[in-house]
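Enquirer: Please find one structure pasted underneath; my questions will follow.
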Amino acid sequence: MTNTYSDVWDLEVFFKGGSSSPEFADHLKAASEEIAIFKQEVADWKPNAQPNQSSKLEYLVERFEGAAKKVRQAGAFVSCLHAQNTDDKKAGQLKATVTELSASLQTALTIFDQKLSSFSPDVWNGLLQDGLLKELRFVLTERRKRAAERLSEKEESVINALSVDGYHGWGQMYDLLVGTTKIQYKEESLSVGQAANKMSDTDRSVRKGIFKAWEKAWEEKEDFYAKTLNHLAGFRLNVYKLRSWEDVLKEPLDINRMKRETLDAMWEVISENKEPFVRFLNRKAHLLGLEKLSWYDLDAPIGSAESKMSYQQGADFIVENFAQFGTEMARFAKKAFEDHWIEAEDRPGKAPGGFHTFFPESSQSRIFMTYSGSPANVSTLAHELGHGFHTYAMRDLHLLNRNYAMNVAETASTFAEMIVSDAAVKNAQTKEEKLGLLEDKIQRSIALLMNIHARFLFETQFYEERKQGVVSPERLAELMKHAQEEAYAGALEEYHPLFWASKLHFFITGVPFYNFPYTFGYLFSVGIYAMALESGKGYEKKYIAILKDSASMTVEELAQKHLNVDLTEKDFWEKAVRMCVEDVEEFLALTE
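If you count the sequence shown from 1, position 68 lands on 68 in UniProt numbering, and the numbers rise without skipping.
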């Protein structure tokens, strides 16, 4: 088949000339001017003291959207420039400029939110009766509520200022420490990323050797990592105390627009259904000739068969299988391939990983990855196209109604990935190929239902103990091992007590409890996927409606409106977990 799809994206359509683009320089200047106007308008705004408050608020919201679109357009462009060529130093400088613009806009928004909270409930409800403000009722009320639950504008500004060199400074210290960490294995001095890749080596002696070296490297600097983690948690707990927030889960639950009852129901169902996954891990151990798996065996490959698809074949496979679900999704994917929205070329100088980004002023997506033809590559491509379809579904909404939270961000991507991975398993040419593809699917469930669960259990216990004082490295290791033993239901022989030091997610300052939203998003999409399978092709309209509402209501309201389910009850979660268990049962049957 002739290659009709280019695996290199087109950025010239946005700003000609890359990081030296005069057009982009003009854009940054225009963005700065838009922010300055919005900032001044907010500063001059006197809620309750001026007539026609609804018109004024609507005007401010429109000014915000104009400024925010420019900043996000710039952010998307710069992230693409850096990803396609990590040696582009000008792109790094531009990134700093965009960060400053974003911070300036955020400062204006903080003042805007505080002023929203000054309206009386009656006046506020009166403002939201018609037009754009009615459309934005949920998100504006949410911003007003969050501002009211915080300290004064002056106090919050002080916290933000101190956090730069305090809270965020400790987060940057972790990045610096990891950057200097080397894993000494035999004669090699490996970076953290290089060593992690060897954890999936086919030779167990290599995996075990790497793991021992890995543990030793983190242990050598455990005092530094422990100090960093304790200060991050201490800063966060002190801010919560000042705001009179007693529950450490209040902020992460608010950010993810979900109730504690929903979170508890999800973890309860997962805890009650560990047994099939333990059986899978035991079977994998048997297939590898082991009595029991250890931590360093979790990513070990089974079998050797791996099918390869060219980029063109992978693209055609995705479009073809998206079409089995619905015409809109297939049309979107085809457009992304035809219009050069995807950077997939396998070449040196690119950043690792993959991502999706959106250019709001152009209503276009861009997808970044490195494609080498593996089934995992095809899944990643489908995953990122799923993110793209999510933004496509919301393209006509106001920017404020497009800010979906992390827990629903993974819904469309996981959904798209499932369509493709299911099709790949069904199309497998041999039993060995099918087993490899099935195991890849199940490993995702193991990661989301066991590994992430361990992170949540550890972090919850750590924060409780941190309230009483500094937690030692030895105690952190104990807490982590206990969390892993519970999350993996005792299925492993050796665990990873220093995981608390090696996992970046515990040290991220942007979002607290960077764990449970992943599991929520995974199971939520699995549940939607199960309903789509029952309904057939006609489900696409309902699916698009779910995505359109994903940023303008709580997850409980979203599920009740579109799925007619109560997320605070266990039924939905049981059905979603059952879908994951079916993969395990098929794997066990094939390996009897």
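Every residue, glycine too, gets a C-beta built ideally from N, C-alpha and C. Since we're looking at a predicted model, the values are computed, not measured.
#1: Proline 252 to phenylalanine 513, Cα distance in whole Å?
#2: Could you tell me which residues DSSP puts in a beta bridge with leucine 492?
#3: Considering just the uninterrupted stretch of the alpha helix (DSSP H) at glutamine 484, what are its terminal residues?
#4: Nearest CA to the CA of glutamate 187: which residue from Gly209, Gly193, Arg204?
#5: Under three-state DSSP, which class holds glutamate 58?
#6: With DSSP collapsed to three states, give me the class of valine 302.
#7: For glutamate 343, which three-state DSSP category applies?
#8: Using 10 angstroms around the beta-carbon of valine 13, count the other beta-carbons present and answer buried if the total reaches 16, otherwise exposed.
#9: Can you list, in chain order, the residues of its chain whose CB lies under 7 Å from that of alanine 428, leaving out five sequence neighbours each side?
#10: In chain order, what residues of the same chain lie with their CB nearer than 6 Å to the CB of alanine 393, ignoring the 5 residues before and after it?
#11: I need the straight-line Cα distance from lysine 334 to histidine 340, nearest angstrom please.
#12: Would you kindly report the start and end of the unbroken alpha helix (DSSP H) that includes isoleucine 421?
#13: Which same chain residues end up closer than 8 Å to alanine 376 when comparing Cβ atoms and leaving out the 5 residues on each side of it in sequence?
#14: Do the region 229-243 and the region 210-219 meet, that is, are 3 or more Cβ pairs less than 8 Å apart?
#15: Find out if the Cβ-Cβ distance for the pair tyrosine 174, phenylalanine 507 is shorter than 8 Å.
#16: I need the DSSP call for threonine 97, collapsed to helix, strand or coil.
#17: For the candidate residues Thr519, Pro352, Lys134, whose alpha-carbon lies nearest to that of alanine 447?
#18: Given a cut-off of 8 Å on the beta-carbon distance, is the pair leucine 588 and arginine 283 in contact?
#19: Which class does arginine 236 belong to by DSSP, given the choice of helix, strand or coil?
#20: Can you give the Cα-Cα distance for methionine 1 and isoleucine 318, rounded to whole angstroms?
#21: Mind reading off the beta-carbon distance from residue 616 to alanine 315? Whole number of angstroms is fine, and I expect it under 8 Å.
#22: How big is the Cα-Cα spacing for glutamate 146 and serine 163?
#23: Under a Cβ-count criterion, where at least 16 other Cβ atoms within 10 Å of its own Cβ denotes burial, should proline 497 be classed as buried or exposed?
#24: Contact between the region 33-48 and the region 94-114 is defined here as three or more beta-carbon pairs at a separation below 8 Å; is this criterion met?
#25: Between the alpha carbons of leucine 237 and serine 6, how many angstroms are there, rounded?
#26: For threonine 181, I'd like the list of residues in its chain whose CB is within less than 6 Å of its CB, leaving aside the five on either flank, ordered along the chain.
#27: What residue from Val78, Glu361, Phe119, Glu23 has the CA that sits closest to leucine 397's CA?
#28: Answer with buried or exposed for leucine 176, where buried requires no fewer than 16 other C-beta atoms within 10 angstroms of its C-beta.
#29: So for threonine 509, helix, strand or coil by DSSP?
#30: May I have the straight-line CA-CA distance separating methionine 553 from methionine 531, to the nearest angstrom?
#31: Kindly give me the distance between the Cβ atoms of phenylalanine 456 and asparagine 515, rounded to whole angstroms, as I take these residues to be in contact under 8 Å.
#32: According to DSSP, is phenylalanine 368 part of a helix, a strand, or is it coil?
#33: Measure how close the beta-carbons of leucine 151 and leucine 242 come, nearest whole angstrom, since I'm counting them as under 8 Å.
#34: Suppose contacts are defined by Cβ-Cβ distances below 8 Å. Is alanine 226 in contact with proline 51 by that definition?
#35: So, phenylalanine 322 versus lysine 537, is the Cβ gap smaller than 8 Å?
#36: Might you give, ordered along the chain, the residues of its own chain that have their beta carbon closer than 6 Å to the beta carbon of arginine 144, omitting 5 neighbours on each side?
Expert: According to the structure data:
#1: Numbered from its first residue, the sequence shown carries residue 252 at position 252. Numbered from its first residue, the sequence shown carries residue 513 at position 513. Answer to the nearest angstrom: the Cα atoms are 6 Å apart.
#2: Here residue 492 refers to the residue found at position 492 of the sequence shown. DSSP output for leucine 492 lists Leu293 as bridge partner(s).
#3: Position 484 of the sequence shown, counted from the start, is the residue given in the question as residue 484. Taken as a continuous stretch (DSSP letters only), the alpha helix (DSSP H) holding glutamine 484 covers 473-487.
#4: The residue you call residue 187 lines up with position 187 of the sequence shown. Looking at the Cα atoms, Gly209 is the closest of the given residues.
#5: Here residue 58 corresponds to residue number 58 of the sequence shown, with the count starting at 1. Note: glutamate 58 maps to helix in three-state DSSP.
#6: Reading the sequence shown from its first residue, position 302 is the one you call residue 302. Note on identity: in this sequence residue 302 is isoleucine, with valine being the wrong assignment. Coil at isoleucine 302, not helix or strand.
#7: Counting from one through the sequence shown, the residue named residue 343 turns up at place 343. Strand at glutamate 343.
#8: Within the sequence shown, residue 13 is the residue found at index 13, counting from 1. Label assigned to valine 13: exposed.
#9: To locate residue 428, count along the sequence shown from 1; it is residue 428. If we look at alanine 428 and ignore the five residues flanking it on each side, its Cβ neighbours are Lys434, Leu437.
#10: The residue labelled residue 393 in the question sits at position 393 within the sequence shown. Excluding residues within five positions, the ones whose Cβ falls inside 6 Å are Ile544, Leu547, Lys548.
#11: Working through the sequence shown from its first residue, we reach residue 334 at position 334. Working through the sequence shown from its first residue, we reach residue 340 at position 340. The alpha-carbon atoms of lysine 334 and histidine 340 are separated by roughly 10 Å.
#12: As a first step, residue 421 must be located in the sequence shown, where it is residue number 421. Isoleucine is not the amino acid found at residue 421; the sequence shown has serine there. Its alpha helix (DSSP H) spans residues 406-427.
#13: One-based indexing of the sequence shown puts residue 376 at position 376. Closer than 8 Å at the Cβ level, and outside the excluded window around alanine 376, lie Asp440.
#14: no
#15: By 1-based counting over the sequence shown, the position of residue 174 is 174. By 1-based counting over the sequence shown, the position of residue 507 is 507. Their beta carbons are under 8 Å apart, which means tyrosine 174 touches phenylalanine 507 by this criterion.
#16: Sequence index remark: in the sequence shown, residue 97 carries index 97 (1-based). Correct three-state label for threonine 97: helix.
#17: To locate residue 447, count along the sequence shown from 1; it is residue 447. The candidate whose alpha carbon is nearest that of alanine 447 is Thr519.
#18: Working through the sequence shown from its first residue, we reach residue 588 at position 588. Working through the sequence shown from its first residue, we reach residue 283 at position 283. Yes, these two residues count as a Cβ contact at 8 Å.
#19: Working through the sequence shown from its first residue, we reach residue 236 at position 236. Reduced to three states, the DSSP call for arginine 236 is helix.
#20: On the sequence shown, residue 1 is found 1 positions in, with the first residue counted as 1. On the sequence shown, residue 318 is found 318 positions in, with the first residue counted as 1. Its pLDDT being 44, under 50, methionine 1 is placed unreliably by the model, and nothing is read from it.
#21: This structure leaves residue 616 out entirely; the chain is present only between 1 and 592.
#22: In the sequence shown, the residue the question calls residue 146 occupies position 146. In the sequence shown, the residue the question calls residue 163 occupies position 163. First, the residue type needs correcting, since residue 146 is arginine and not glutamate in the sequence shown. Distance between the alpha carbons of arginine 146 and serine 163 is about 19 Å.
#23: For the purposes of this step, residue 497 is taken as the residue at position 497 of the sequence shown. Under this definition proline 497 is a buried residue.
#24: yes
#25: Within the sequence shown, numbered from 1, the residue matching residue 237 stands at position 237. Within the sequence shown, numbered from 1, the residue matching residue 6 stands at position 6. The straight-line gap from Cα to Cα measures roughly 50 Å.
#26: Your numbering for residue 181 matches position 181 in the sequence shown. For threonine 181, where only same-chain residues beyond five positions count, the Cβ hits under 6 Å are Val192, Ala217.
#27: Working through the sequence shown from its first residue, we reach residue 397 at position 397. Leucine 397 has its Cα closest to that of Glu361, out of Val78, Glu361, Phe119, Glu23.
#28: If you number the sequence shown from 1, residue 176 lands on position 176. The residue in question, leucine 176, is exposed, as its Cβ has fewer than 16 Cβ neighbours within 10 Å.
#29: The residue given as residue 509 occupies position 509 in the sequence shown. Here threonine 509 sits in coil by DSSP.
#30: Against the sequence shown, residue 553 aligns to sequence position 553. Against the sequence shown, residue 531 aligns to sequence position 531. If you take the alpha carbons of methionine 553 and methionine 531, they lie about 21 Å apart.
#31: Here residue 456 is taken as the residue at index 456 of the sequence shown, counted from 1. Here residue 515 is taken as the residue at index 515 of the sequence shown, counted from 1. Phenylalanine 456 to asparagine 515, Cβ: 5 Å. Contact.
#32: Position 368 of the sequence shown, counted from the start, is the residue given in the question as residue 368. The answer is strand: DSSP assigns phenylalanine 368 an E or B state.
#33: To locate residue 151, count along the sequence shown from 1; it is residue 151. To locate residue 242, count along the sequence shown from 1; it is residue 242. Sure, about 6 Å apart at Cβ, within 8 Å.
#34: Indexing the sequence shown from 1 puts residue 226 at position 226. Indexing the sequence shown from 1 puts residue 51 at position 51. Their beta carbons are not under 8 Å apart, which means alanine 226 does not touch proline 51 by this criterion.
#35: The count along the sequence shown starts at 1 and reaches residue 322 at position 322. The count along the sequence shown starts at 1 and reaches residue 537 at position 537. No, these two residues do not count as a Cβ contact at 8 Å.
#36: Within the sequence shown, numbered from 1, the residue matching residue 144 stands at position 144. Once the five neighbours on either side are set aside, the close Cβ partners of arginine 144 are Leu116, Ser117.
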